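S.K.: Below are the structure tokens for one structure; questions will follow.
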Amino acid sequence: MPGADDWGVVLLTLRVAAVATCVVVPPGIAAALLLARWRGPGKGLVETALALPLVLPPTAIGLLLLEALGRRSAVGAWLAARGIELLFTWRAAVLATAVMAFPLFVRAARTAFEEVDPRLVRLARTLGCGRVAAFRRVVLPLAWRGLLAGTVLAFSRALGEFGATIMAAGNIPGRTQTLALAIFHAHQLGDDRRALRLVALTVGLAFAALWTAEWVVRRRSRREAAG
Amino acid sequence: MIELAVRLPLARFTLALDATLAAGVTAVLGPSGAGKTSLLETIAGLRPAARGRIAVDGETLQDDAAGRRLPPERRRVGYVPQDAGLFPHLRVGENVRFGPAAAKAAADAAVEILELGPLLRRWPATLSGGERQRVALARAVATRPRVLLLDEPLAALDPGLRGRILPWLARVREAWAVPTLYVTHNVGEALALAGEALVLRDGRVSARGEPLALLAAPGLTDAATPGIENLLGGRVVAHEPDGGVTRVALDGGPALAVPLAAASPPGARVTVAVRAEDVLVLDQPIRGLSARNLFRVRITAVRRTGADALLHCTPAGGARPWVVRLTPAAVATMGLAAGRDAWLAVKSHSVRLL
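Chains A and B, in that order, are what the protein sequence lines are. Everything in the first sequence is counted per the numbering used here, starting at 1 for the first residue and increasing by one. Everything in the second sequence is counted per the numbering used here, starting at 1001 for the first residue and increasing by one.
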């Protein structure tokens, strides 16, 4: 049976993943909208840069974060001067998983926005909606399924993130040790029973997240299909 | 009144239109790709590249020379695109009341006049093409627009359904009396609804006038003749159950006998439809004809359109003119010409009460 230690790991992981998802969604929506609607020059460059974390090894991202936020860097020095400690705290785990999850969310959200017929948005304008109202009343409700899928994807990615987290946040039990790290750690120590217990918990979490999302989508579709 | 002086660069040509359109329905005719939809979108404020001046009933929607340009949401145009463009995530009722400017009274009136009551809780995906168009019309008029822009509202429907939607458009015309631009490439619709028509060709007005006079305009004749309907407003006078007829007095005359329609009480406003080919032309009022409706008219125009001839006839008393479709042979044999008097005969069963 999972012990208090194991539940502690689960809670920390959930907290990191949930906060990281919240951090990812607002700028992710903005970036996805930009990519879906903007036809300006340099779009390809921005697109590629945003997709980089998908293809780079997570450890590389982690190392870059470490360098960017270390005391020797400008940002790190600025943060340190204000007494903000990021590296090797749970906030660093949030940041690392957020960076890894961001492109996944943007991909899903962008597809969702591109599937909204722009003529419906223009119609909403002629009916008296400003840009913001048209976005809120037409684009969001029509794209919500894709946005939800992207959110679940980002959350799942955050649940399982390993490489970037271990580089930027370390592997400190009780502070930055999320499920993925704890499994690795237990296995390294030869405690395979604990590793397997944690794997079982991870499977449960992932299943619950995916199933909930499925269920919400299906419930809404049934309502909309009903005549 | 709609004042237009607009320029909009398009792929093949520049839309260039200077016109002042009277109140009522103006048909915009023309082949595909002539710039008809672009014109409507320009008026609606959906074309950022459009320049010029647009005013409706004295209210300036756009005047680039004066640096004035209302965004689409403040122009108060009722735009109905070809495919209706209903919001798929909202029920019919929510679609009708979508516009922030939609007034409850106007929305209720739209629902009543377009008979949407039974559909209010349905999702757009479950509606037929004709029902969708009615919902889109209601949604547009519910915002009490200054101008209605209808983009081929019947084009996506099969011919049978068109005949059923046309009367709804006539109702909108009667009930709201909003200046309307009606894009179509079917002259029959233009004849039924519009007092005036523009023919657009490569972004320019190539002809302008009464719809009937434009039948001879090049490029239109082929699409012109099928489906021309006489749509006339009137009031129920009385029912004669024994004779199986209802008497309807058309606005400005004459009175018609139509198949018994007891559901409309005497005094009720109705629209009747008579197909142009269902009207007989006589050069004198013969007795012993089974047709219940016989009235005198003056022929005001005769047009040859493709294989057919169309007569433009005005009943005594100056009511709305009738359009009659004949073969050119009949026209020649009877010597029908503008300025002559004639009698029109219509069987009761050729008159549909809408």
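Think of the CB as a built atom: it goes at the ideal place given N, C-alpha and C, for glycine as much as any other residue. Keep in mind the model is a prediction, meaning the values are calculated, not measured.
1. With H, G and I counted as helix, E and B as strand and the rest as coil, what does DSSP make of isoleucine 1299 (chain B)?
2. I want to see whether chain D comes within less than 8 Å of leucine 1148 (chain B), judged by CB atoms only; does it?
3. Can you find a C-beta in chain A that's less than 8 Å from the C-beta of valine 1077 (chain B)?
4. With a threshold of 16 other CB atoms inside 10 Å of the CB of leucine 1169 (chain B), please say whether the residue is buried or exposed.
5. Run through DSSP, which three-state label would serine 156 (chain A) get?
6. Can you pull out the residues from the region 139-170 of chain A whose beta carbon lies closer than 7 Å to at least one beta carbon of chain B?
7. Among B:Arg1208, B:Ala1109, B:Trp1123, B:Val1183, whose alpha-carbon lies nearest the alpha-carbon of glutamate 1174 (chain B)?
8. Between B:Gln1133, B:Pro1118, B:Ala1140, B:Arg1122, which lies nearest to alanine 1102 (chain B) when the distance is taken from Cα to Cα?
9. So who's on the other strand from cysteine 1313 (chain B), going by DSSP bridges?
10. When DSSP labels each residue in this structure, what does alanine 1016 (chain B) get in the three-state scheme?
11. Within its chain, find whatever has a CB closer than 8 Å to the CB of valine 116 (chain A); leave out the 5 residues flanking it on each side and keep chain order.
12. So aspartate 1063 (chain B) is in the beta strand (DSSP E); what residue range does that whole segment cover?
13. Name the residue from A:Ala213, A:Arg219, A:Val9, A:Arg37 whose alpha carbon lies nearest to the alpha carbon of threonine 111 (chain A).
14. With 16 other CB atoms within 10 Å as the buried threshold, where does leucine 1090 (chain B) fall?
15. Establish whether the CB of alanine 112 (chain A) and some CB of chain B are separated by less than 8 Å.
16. Note down, in chain order, every chain A residue with its Cβ under 9 Å from the Cβ of proline 1285 (chain B).
17. Here's a check: name, in chain order, each residue in its chain whose Cβ is nearer than 7 Å to the Cβ of glycine 163 (chain A), leaving out the five neighbours to either side.
18. With 8 Å as the threshold, decide whether the Cβ of arginine 1139 (chain B) is near any Cβ in chain A.
19. With a cut-off of 8 Å on the beta carbons, I'd call valine 1025 (chain B) and valine 1077 (chain B) a contact; round off their distance for me.
20. Compare the C-beta of glycine 128 (chain A) against all C-beta atoms of chain B and say whether one is closer than 8 Å.
21. Starting from the C-beta of phenylalanine 113 (chain A), find all residues in its chain whose C-beta is less than 7 Å away, skip the five residues before and the five after it, and write them out in chain order.
22. What does the Cβ neighbour count give for lysine 1036 (chain B), buried or exposed, with the cut at 16 atoms within 10 Å?
23. Can you name the residues of chain A whose CB is closer than 8 Å to the CB of histidine 1312 (chain B)?
24. For alanine 1255 (chain B), collect the residues of the same chain with a Cβ closer than 7 Å to its Cβ; drop the 5 residues on either side in sequence, then sort them by chain order.
25. Assuming isoleucine 1366 (chain B) and glycine 1339 (chain B) are in contact, meaning their beta carbons sit under 8 Å apart, how far apart are those beta carbons, in whole angstroms?
26. Name the one or two DSSP bridge partners that asparagine 1230 (chain B) has.
27. For methionine 1 (chain A), count neighbouring C-beta atoms within 10 Å of its own C-beta (all shown protein chains included) and say buried if the count is 16 or more, exposed if not.
28. As a quick exercise: from B:Ala1301, B:Lys1347, B:Thr1184, B:Pro1328, pick the residue whose alpha carbon is nearest that of aspartate 1341 (chain B).
29. At a Cβ cut of 8 Å, what residues of the region 185-216 of chain A count as close to chain B, listed as they run along the chain?
30. For chain A, is any of its Cβ atoms less than 8 Å away from the one on threonine 1221 (chain B)?
31. Here's the rule: buried if 16 or more other CB atoms are within 10 angstroms of the residue's CB, otherwise exposed. What is leucine 11 (chain A)?
32. Count the other C-beta atoms from every protein chain shown that fall within 10 angstroms of the C-beta of alanine 4 (chain A), then say buried if there are 16 or more, exposed otherwise.
33. Tell me the DSSP secondary structure of arginine 1247 (chain B) in three-state form.
34. Please give the ranges of any beta strand (DSSP E) in the region 1070-1140 of chain B, keeping only runs that are unbroken, at least 3 residues long and fully inside the region.
35. Anything in chain B within Cβ reach of arginine 119 (chain A), meaning under 8 Å, just list it in chain order.
36. Of all the residues that make up the region 1039-1072 of chain B, which are near chain A by a beta-carbon distance shorter than 9 Å?
M.R.: Judging by the given coordinates:
1. strand
2. The chain inventory of the structure shown lacks chain D, comprising the protein chains A and B.
3. yes
4. buried
5. helix
6. Pro141, Leu142
7. B:Ala1109
8. B:Ala1140
9. B:Ile1299, B:Trp1322
10. strand
11. Val138, Val139, Leu142, Ala143
12. 1059-1063
13. A:Arg37
14. buried
15. no
16. Within 9 Å Cβ-Cβ: nothing; proline 1285 (chain B) doesn't reach chain A, min ~52 Å.
17. Pro57, Pro58, Thr59, Gly62
18. yes
19. Not a contact, Cβ separation roughly 15 Å.
20. yes
21. Ala32, Leu33, Ala36, Val139, Ala143
22. buried
23. Residues of chain A passing the Cβ test: none, with the nearest at roughly 36 Å.
24. Val1237, Arg1247, Val1248, Ala1249
25. Because chain B is modelled from 1001 through 1354, residue 1366 (chain B) falls outside the range shown and cannot be assessed.
26. B:Val1274
27. exposed
28. B:Ala1301
29. none
30. With a pLDDT of 48 at threonine 1221 (chain B), under the threshold of 50, the modelled position of this residue cannot be trusted; read the value that follows with caution. Judged by the 8 Å Cβ criterion, threonine 1221 (chain B) is not in contact with chain A.
31. exposed
32. exposed
33. strand
34. 1077-1080
35. Pro1081, Gly1085
36. Glu1041, Ala1044, Gly1045, Leu1046, Pro1071, Pro1072
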